[in-house]
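Okay, structure first, notes after.
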Amino acid sequence: MNPPIFPERSNCLVKKYLSLEIFNALEHQKTDSRFTLAQAINSGIKNWDSSIGIYAGDAQSYRTFSLLFDPIICEYHGFSKDKNHKPDISPLMLPSLDPEKKYIKSTRVRVARNLEGFSFPCHISLSQRRKLEKKIISALDRLKDDLKGKYYSFEPIDEKELKQLKKENLWFQKGDRFQDAAGINSDFPKCRGVFHSFDKRFMVWVNEEDHLRVIGLERTSDISSVYNRLSRALSALNQSLAFSRDETYGYLTSCPTNIGTSMRAGVHIQLEKLEQNKDLLHGIVKGYNLQIRGTGGEKTKVENAMFDISNRQRLGISESKIIQNLHAGLLAIIKAEKNLGTP
Ligand code: ADP
Ligand code: MG
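The opening residue of the sequence shown carries number 76 in this note's numbering; numbering runs sequentially from there.
As structure tokens, then:
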């Protein structure tokens, strides 16, 4: 492999931090599962418009390729290795932000989890993915009370069931070109599926970008209620599954933007006035270290002024602090929207 060349206009962090010296030091390194630098940065090379451009093939990647992962992680999360990542998933009681649902249409909190002893989705064989899926299904089967539900495998899936899952936003699709180049789509849709609780407010994506995406989604603005239920589900799942975790970097995930809490907590919020005043919106979002995504998810467009606003930082911040910051930021955003004239 030759050292990659990125176009001038690329802002990819791999381009910024993969010096020739680091390239030479890492070029021939491999993790125990034989994951290489070339595999880790393939997505960034194929997609020079990536913001990060690197994926981990297993938990060990973070150590084996730390010369490259570390500076990228520090820049993205504003983290330094002498800081500690302290989790705190204790329950919260925050007032509902918009009980009349004028602005906030739904709240979603998700975390990513990978299981110890298995490679991550971009570097896993079909037989291991199958074994993993079985293990996860048996853990999901043990959930009780309001977390009880059903697993829908994607292979094969009944057309009627699929239509319903899509309609209710309970489904995930094959990964985008960034995930594809990383190897995450291999053997899709084999060993993929979604679990949802019978009341459809709690779900688990199996073998998407991470082994599990554990998600709370409710059509309310009651962030703490969604978060509290998710924490309860995580404790229950942790009784039968061992999650991959690191002392410094917290939960380990495929994409280094997700490590730490691995939590993205956000809302779908309709902001008709702020859509016409983007500088004001971006100023508030930046001030509270939040991020904006499009209505259909990452790298999609905002449609009908429906923004996905969520936390940006996931490492070096606790789960409960993420929720508190998001709550404060959303209060400021709703206030600004009202001041601009939306009643
Ligand atoms: P992530 O990788 O954090 O799970 P993505 O940006 O890939 O998030 O989006 C996942 C899906 O969840 C997309 O279909 C998106 O439209 C949907 N989604 C995200 N936030 C919300 C929300 N607050 N309410 C309803 N759906 C949401
Ligand atoms: Mg995603």
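A virtual CB, placed ideally from N, CA and C, is assigned to each residue, including glycine. If you're wondering where the values come from, they're calculated on a predicted model, not measured in any experiment.
Burial state of residue i (16 or more Cβ within 10 Å)
{"i": "N117", "result": "buried"}
{"i": "P196", "result": "buried"}
{"i": "K158", "result": "exposed"}
{"i": "H103", "result": "exposed"}
{"i": "F253", "result": "buried"}
{"i": "K361", "result": "exposed"}
{"i": "Y338", "result": "First, the amino acid is wrong: residue 338 is Met here, not Tyr. So M338 ends up on the buried side."}
{"i": "G119", "result": "buried"}
{"i": "A214", "result": "buried"}
{"i": "R84", "result": "exposed"}
{"i": "G416", "result": "exposed"}
{"i": "G372", "result": "exposed"}
{"i": "N313", "result": "exposed"}
Proximity below 8 Å, CB of residue i to CB of residue j
{"i": "S278", "j": "I259", "result": "Residue 278 is actually Met in this sequence, not Ser. No, the pair does not count as a contact, with Cβ atoms beyond the cut-off."}
{"i": "T336", "j": "P162", "result": "yes"}
{"i": "V301", "j": "I211", "result": "no"}
{"i": "T332", "j": "Y151", "result": "yes"}
{"i": "Y137", "j": "L401", "result": "no"}
{"i": "I398", "j": "S299", "result": "yes"}
{"i": "F263", "j": "Y226", "result": "no"}
{"i": "A187", "j": "R304", "result": "no"}
{"i": "C87", "j": "G128", "result": "yes"}
{"i": "S108", "j": "S194", "result": "yes"}
{"i": "S165", "j": "S329", "result": "no"}
{"i": "A340", "j": "V89", "result": "no"}
{"i": "L201", "j": "K249", "result": "no"}
{"i": "F247", "j": "E208", "result": "no"}
{"i": "G325", "j": "L237", "result": "no"}
{"i": "S261", "j": "G224", "result": "no"}
{"i": "L101", "j": "L167", "result": "no"}
Coarse secondary structure for residue i, derived from DSSP in three states
{"i": "K180", "result": "strand"}
{"i": "G268", "result": "strand"}
{"i": "Y324", "result": "coil"}
{"i": "D163", "result": "coil"}
{"i": "N313", "result": "helix"}
{"i": "G362", "result": "helix"}
{"i": "R339", "result": "strand"}
{"i": "R389", "result": "coil"}
{"i": "S395", "result": "helix"}
{"i": "L240", "result": "helix"}
{"i": "S202", "result": "helix"}
{"i": "T375", "result": "coil"}
{"i": "A187", "result": "strand"}
{"i": "F382", "result": "strand"}
{"i": "G404", "result": "helix"}
{"i": "Y227", "result": "strand"}
{"i": "Q345", "result": "strand"}
Alpha-carbon spacing of residue i relative to residue j, whole angstroms
{"i": "D45", "j": "L222", "result": "Not covered by the structure: residue 45. The range shown for the chain is 76 to 418."}
{"i": "A403", "j": "L245", "result": "28 Å"}
{"i": "I147", "j": "K235", "result": "43 Å"}
{"i": "Q388", "j": "E412", "result": "24 Å"}
{"i": "E350", "j": "G192", "result": "46 Å"}
{"i": "F98", "j": "M76", "result": "10 Å"}
{"i": "N414", "j": "G358", "result": "15 Å"}
{"i": "G268", "j": "K206", "result": "14 Å"}
{"i": "I199", "j": "K177", "result": "44 Å"}
{"i": "F382", "j": "S155", "result": "31 Å"}
{"i": "L405", "j": "K121", "result": "36 Å"}
{"i": "I239", "j": "K91", "result": "Strictly speaking, residue 239 in this sequence is Gln, with Ile absent from that position. The straight-line gap from Cα to Cα measures roughly 44 Å."}
{"i": "L172", "j": "A407", "result": "11 Å"}
{"i": "F110", "j": "F229", "result": "27 Å"}
{"i": "L169", "j": "I179", "result": "15 Å"}
{"i": "Q135", "j": "S319", "result": "10 Å"}
{"i": "L356", "j": "N386", "result": "15 Å"}
{"i": "K242", "j": "D297", "result": "23 Å"}
{"i": "P82", "j": "G369", "result": "26 Å"}
Assumed close pair residue i, residue j - CB separation to whole angstroms, cut-off 8 Å
{"i": "L93", "j": "P79", "result": "7 Å"}
{"i": "F140", "j": "A115", "result": "6 Å"}
{"i": "D133", "j": "T106", "result": "5 Å"}
{"i": "D285", "j": "N189", "result": "5 Å"}
{"i": "L292", "j": "S181", "result": "6 Å"}
{"i": "L365", "j": "I392", "result": "In fact, because the Cβ distance is near 12 Å, the residues do not count as touching under 8 Å."}
{"i": "S306", "j": "R217", "result": "Incorrect: roughly 17 Å between the Cβ atoms, too far for contact."}
{"i": "A380", "j": "E347", "result": "5 Å"}
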